[in-house]
Amino acid sequence: MTILSAKSGTIGNDISSIGAFRQSENSKHEEKIKSLEIEQTSLIKELNRLRQSYDEVKSDSIAKTRQIQLLRDFYTEQYEVSKHEQIEYFTRILNLFQDLPDSNRNKNFHRQNSSSLLLDDIRNDLDQRINS
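In structure tokens:
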């Protein structure tokens, strides 16, 4: 009987050491799980922050693109208006020259430019220069 009691004591020690080992392993696993949960929470917060930042940048980019397009349209329109105003202004000047008396106009015109361009040729030349 002493042999049995010695063996049962050894088995009891083995069972308790296995239980302690399992408890130690369980404790390590629980710590690892808690650590991973904390890391997951941190990563989710960082992901949400990055999404918010991305959405803000995207929204700003869209707004800037719209603003640039509006400015481009505005300045294109202003350029066209200005170009047409210049053509109208120069046409008025040419009309004033045309309305001068013949002898006076010819003297002044030949004094400034020896070539005898017609008024329509001058207008066309002026229009081409403004358009280019």
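For the sequence shown, counting from 1, position 95 maps to 80 in our numbering; every step adds exactly one.
Glycine included, each C-beta is placed from N, C-alpha and C at the ideal position.
Here the structure is a predicted model, which means the values were calculated and not measured.
Closest option to D106, judged by alpha-carbon separation, among K19, P86 and L79: L79.
The beta carbon of F75 lies closer than 6 angstroms to those of L111 in the same chain, with the five residues before and after it left out. CA-to-CA, the gap between N109 and S67 works out to about 18 angstroms. Straight-line spacing of the CA atoms in Q25 and E31 works out to 10 angstroms.
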